[in-house]
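Asks: In this note's numbering, each residue carries its 1-based index in the sequence shown increased by 299.
I'd like to ask some things about the structure below.
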Amino acid sequence: MSETLIGLVSQYSPSGQERGAVEWLVARMKSLGYDDAFIDEAGNAVGVMGKGARQVVLLGHIDTVAGEILVRVDDGVLYGRGSADAKGPLACFVDAVAKVGAKDDWQFVVIGAVEEERDSEGARFVATQYKPDFAIIGEPNQWDRVALGYKGSAWANVTVKRGQVHSASGEVTAAEAAVDAWLKVKAYVDSFNAEKQKVFDKLLLTLRGMDSDSNDFDQWARLKVGVRLPVSVSPSDWYEILNMVTHEPQTQVEPIGFAIPAWDCGKNTPLVRAFLSGIRSQGGEPRFVYKTGTADLNIVAPVWKCPALVYGPGDSALDHTPNEHINLEDYQKAVGVLCAALIKLTA
Numbered sequence: 300m301s302e303t304l305i306g307l308v309s310q311y312s313p314s315g316q317e318r319g320a321v322e323w324l325v326a327r328m329k330s331l332g333y334d335d336a337f338i339d340e341a342g343n344a345v346g347v348m349g350k351g352a353r354q355v356v357l358l359g360h361i362d363t364v365a366g367e368i369l370v371r372v373d374d375g376v377l378y379g380r381g382s383a384d385a386k387g388p389l390a391c392f393v394d395a396v397a398k399v400g401a402k403d404d405w406q407f408v409v410i411g412a413v414e415e416e417r418d419s420e421g422a423r424f425v426a427t428q429y430k431p432d433f434a435i436i437g438e439p440n441q442w443d444r445v446a447l448g449y450k451g452s453a454w455a456n457v458t459v460k461r462g463q464v465h466s467a468s469g470e471v472t473a474a475e476a477a478v479d480a481w482l483k484v485k486a487y488v489d490s491f492n493a494e495k496q497k498v499f500d501k502l503l504l505t506l507r508g509m510d511s512d513s514n515d516f517d518q519w520a521r522l523k524v525g526v527r528l529p530v531s532v533s534p535s536d537w538y539e540i541l542n543m544v545t546h547e548p549q550t551q552v553e554p555i556g557f558a559i560p561a562w563d564c565g566k567n568t569p570l571v572r573a574f575l576s577g578i579r580s581q582g583g584e585p586r587f588v589y590k591t592g593t594a595d596l597n598i599v600a601p602v603w604k605c606p607a608l609v610y611g612p613g614d615s616a617l618d619h620t621p622n623e624h625i626n627l628e629d630y631q632k633a634v635g636v637l638c639a640a641l642i643k644l645t646a
């Protein structure tokens, strides 16, 4: 049962270097009897089972962070880069769909997306290609847990400029003004969070960089500010807040990168109920989790607007670590959970 998992983990595929793993996975899906398997225009690995009008998309990611780890099995544990994040969940999708096979009136689409660890180019592409009835996103959250929400994120440079003055003048420097701007942002966030009990509902602020410089006539200081967003605050809301809080002459807020809204999947859906039943079928006691990070869920769910959740074996605490690994018994239980869930969902 672990051949797909071990084979996929053995294909080292950091973001931007996924092609070999994609080709291997397409060949693997063909060998498992998928009706079709191919590489799409974005470079994602795609496998299709069934020809029905109703559709379940199972979206994992095939890229990993950099840092190759010797692939080995030791006492029932598979070590290797991506074994948890997130080739374990992706391989689970591939194996479960192969075991379930084609179902009348349904189509399963398994996708190994590229670039999730950078800008989610693979997920951004598939968001425009499918309109599923249900979506399952692959991330490691333990075989007996279902993730129902991921926080959003937004990044910005806050730049303060000042005219050059003599150091003995006593006037506020650009660097001092930047520190003051940071303290104002932090005070706003502390106030926002004061009455919030759950981390998922809070703004999680971080200062990831600060630099400054000057020339003959000007001086400037720049803060790199990041935030994890709750559902109640959209990226555009956050940028408005930053502009409001730091509003001073010669202070500029510049959004950088891709801002991502938070997403809450909701509990009362046929998809969630199918997974609860699936977990119990393998002897587990189902649990829910809401994550402080982001995932491809945040990219596709606002577009597809269908019932969705995040599932996959593995311990997310091992993501990106030099000791990344997955328990093979847990993997097999996860395949059983997913098989049972898909059968119930499409009955």
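Every residue gets a Cβ at the ideal spot worked out from N, C-alpha and C, and that includes glycine.
With residue 302 and residue 361 assumed to form a contact (beta carbons below 8 Å), what rounded beta-carbon distance in angstroms separates them?
Replies: Translated into the one-based positions of the sequence shown, residue 302 becomes position 3. Translated into the one-based positions of the sequence shown, residue 361 becomes position 62. Between residue 361 and residue 302 the Cβ distance is about 17 Å, and since that is not below 8 Å, they are no contact.
Asks: Residue 439: which of 375, 392, 484 and 547 sits nearest, CA to CA?
Replies: For the purposes of this step, residue 439 is identified with residue 140 of the sequence shown, where counting begins at 1. It is 392 whose Cα lies nearest to the Cα of residue 439.
Asks: Among residues of its own chain, excluding the 5 on either side of residue 606, which ones have a beta-carbon nearer than 6 Å to its beta-carbon?
Replies: Here the question's residue 606 lines up with position 307 in the sequence shown. Correct list, in chain order: 433, 568 and 570.
Asks: With a 10 Å radius around its C-beta and 16 neighbouring C-beta atoms as the bar for buried, classify residue 549 as buried or exposed.
Replies: The residue given as residue 549 occupies position 250 in the sequence shown. With fewer than 16 other Cβ atoms within 10 Å, it is exposed.
Asks: If you draw a straight line from the alpha carbon of residue 537 to that of residue 414, how long is it in whole angstroms?
Replies: Mapped onto the sequence shown, residue 537 falls at position 238. Mapped onto the sequence shown, residue 414 falls at position 115. Taking the straight line joining both Cα atoms gives about 25 Å.
Asks: On a CA-only basis, which of 357, 366, 336 and 351 is nearest residue 313? Give me that one, please.
Replies: Counting from 1 along the sequence shown, the entry for residue 313 is found at position 14. Comparing Cα positions, the closest option is 366.
Asks: Closest by CA to residue 555, which one among 522, 424, 493 and 333?
Replies: Here the question's residue 555 lines up with position 256 in the sequence shown. Among 522, 424, 493 and 333, the Cα nearest to that of residue 555 is on 522.
Asks: Can residue 524 and residue 502 be called in contact, C-beta distance under 7 Å?
Replies: Locating residue 524 in the sequence shown gives position 225, where the first residue counts as 1. Locating residue 502 in the sequence shown gives position 203, where the first residue counts as 1. No, these two residues do not count as a Cβ contact at 7 Å.
Asks: Verify whether the separation of the beta carbon atoms of residue 409 and residue 357 is less than 7 Å.
Replies: One-based indexing of the sequence shown puts residue 409 at position 110. One-based indexing of the sequence shown puts residue 357 at position 58. Yes, the pair counts as a contact, with Cβ atoms nearer than the cut-off.
Asks: Which of the three DSSP states, helix, strand or coil, is assigned to residue 516?
Replies: Looking up residue 516 in the sequence shown gives position 217. The answer is coil: DSSP assigns residue 516 none of H, G, I, E or B.
Asks: Please say whether residue 351 and residue 407 have beta carbons closer to each other than 7 Å?
Replies: Mapped onto the sequence shown, residue 407 falls at position 108. Mapped onto the sequence shown, residue 351 falls at position 52. Taking 7 Å as the Cβ cut-off, residue 407 and residue 351 do not qualify as a contacting pair.
Asks: With DSSP run on the structure shown, which of helix, strand or coil describes residue 382?
Replies: As a first step, residue 382 is located in the sequence shown; it is residue number 83 there, counting from the start. It is coil, neither helix nor strand.
Asks: Tell me whether residue 291 is buried or exposed, calling it buried when 16 or more other Cβ atoms sit within 10 Å of its Cβ.
Replies: Given that the chain is displayed from residue 300 to residue 646, the structure contains no residue 291 and the question cannot be resolved.
Asks: Over what stretch of residues does the alpha helix (DSSP H) that includes residue 318 continue unbroken?
Replies: Here the question's residue 318 lines up with position 19 in the sequence shown. Element bounds for residue 318: 318-330.
Asks: Three-state secondary structure (DSSP) at residue 423?
Replies: Within the sequence shown, numbered from 1, the residue matching residue 423 stands at position 124. Of the three classes helix, strand and coil, the one that applies to residue 423 here is helix, per DSSP.
Asks: Give every residue of the same chain whose Cβ lies closer than 7 Å to the Cβ of residue 679, excluding the five residues on either side of it in the sequence, and list them in chain order.
Replies: There is no way to answer for residue 679, as the model of the chain reaches only from 300 to 646.
Asks: Under a three-way DSSP split, which group does residue 539 fall into?
Replies: One-based indexing of the sequence shown puts residue 539 at position 240. Helix at residue 539.
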